[in-house]
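S.K.: Mind looking over this structure? Questions follow.
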Amino acid sequence: EGTGYTVEKLNRGDLHDVENHRHVIALLGVTGSGKSSTANTLMSGSHKRYFDVADSLTSVTRSTCFRDYEFQGIPFRIIDTPGFGDTNRSKEDVEKEIRDFAKFAKHGVSCFFVILPKGRVTEESEKVLLRAKELFGDDFAKHAVVVFTHGLGSDTVGMRRQLLTRDILIEEINKLENRHFLRELVGQVDLRVMAIENKLEPYRRISKFQLHQAVLDVEKSNGNNRYLGIQATEEPKDQNQAARGNF
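According to our numbering, the sequence shown is numbered sequentially starting from 337.
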């Protein structure tokens, strides 16, 4: 079972410390994209919820949070970020939370999963991804995978439904206009795209395996180097004090 706070960490007084060998996954996406559901798929083969799932346009994840767990003997950490599209939070508040997540990944991020619902890529999604690129910089794309939720193909008579393959996804994306943000994004992440299913079995178990393999593949493709392009932010100084100091 995954945990955010272990007894050992509590005894050390370090609630967010992470071992340097633990693979860190950061989830990005708008509210309702399937971000927290994907986190639950990663952590467990059962339908137990480790992360609350939003059923409306208001984000359940109010602040950046994490869970530590193991899969096939390999240690992982998931960092779930606030929904960018939360109607009750300011842009500045969300961006600060995103930067603060760096303290949960002081040895770097192994992989960013950019979560998008299949067939429902909106203008809001475009704004979120543009903001993510602003926050995380150009190196972000080298460590990112675009993950489409609700990724089952259509029913075919006499055939079992399957998760959409990478080739099918790329074929559909290439039908978009050349300047479409999703087409550009997929090109920037070197065509790393995948489709997953967070509810129906056995597709959920298959998705769980493929997601973890994607993390390891991204690390390997980067020479086992992690994303280190963002640092934890400090609390802003008092403006009057800052003004006096700059006299």
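The C-beta atom is built at its ideal place from N, Cα and C for all residues, glycine as well.
With 16 as the cutoff for other CB atoms within 10 Å, does residue 374 come out buried or exposed?
M.R.: buried
S.K.: Have a look at residue 364 and residue 559 and give me their C-alpha separation to the nearest angstrom.
M.R.: 23 Å
S.K.: Given a threshold of 16 other Cβ atoms within 10 Å of its Cβ, counted over all protein chains shown, does residue 510 qualify as buried or as exposed?
M.R.: exposed
S.K.: If you check the beta carbons only, do residue 400 and residue 433 fall under 8 Å apart?
M.R.: Yes, Cβ-Cβ distance for residue 400 and residue 433 is below 8 Å.
S.K.: Indicate whether residue 442 and residue 354 have their beta-carbon atoms separated by less than 8 Å.
M.R.: yes
S.K.: For my contact list, residue 438 and residue 487 are in at a C-beta cut-off of 8 Å; report their separation, rounded to the angstrom.
M.R.: Not quite, the Cβ-Cβ distance comes to about 30 Å (not below 8 Å), so this is no contact.
S.K.: So, residue 565 versus residue 436, is the Cβ gap smaller than 8 Å?
M.R.: no
S.K.: Where does residue 533 sit, in a helix, a strand or coil, going by DSSP?
M.R.: Correct three-state label for residue 533: coil.
S.K.: Do residue 525 and residue 481 have their CB atoms nearer than 8 Å?
M.R.: Yes, the pair counts as a contact, with Cβ atoms nearer than the cut-off.
S.K.: Could you compute how far the alpha carbon of residue 368 sits from the alpha carbon of residue 377?
M.R.: Straight-line Cα distance between these residues: approximately 15 Å.
S.K.: With a threshold of 7 Å, establish whether the CB of residue 432 neighbours any heavy atom of the ligand SAM.
M.R.: The model depicted lacks the ligand SAM and carries no ligand whatsoever.
S.K.: Taking C-alpha atoms, which residue in 358, 454, 440 and 372 lies nearest to residue 504?
M.R.: 454
S.K.: Can you tell me whether DSSP reads residue 359 as helix, strand or coil?
M.R.: strand
S.K.: Please classify residue 356 as buried or exposed, where buried requires at least 16 neighbouring CB atoms within 10 angstroms.
M.R.: exposed
S.K.: Spell out the partners DSSP gives residue 480 in its beta bridges.
M.R.: 448
S.K.: Measure the CB-CB distance between residue 502 and residue 529 and report whether it falls below 8 Å.
M.R.: Yes, Cβ-Cβ distance for residue 502 and residue 529 is below 8 Å.
S.K.: Flag this pair as yes or no: are the beta carbons of residue 445 and residue 358 separated by less than 8 Å?
M.R.: No; because the gap between Cβ atoms is not below 8 Å, this pair is not in contact.
S.K.: Secondary structure at residue 582, three-state DSSP: helix, strand or coil?
M.R.: Low per-residue confidence applies at residue 582: pLDDT is 34, beneath 50, and the placement is therefore not dependable, though the value from the model is reported in the following sentence. Correct three-state label for residue 582: coil.
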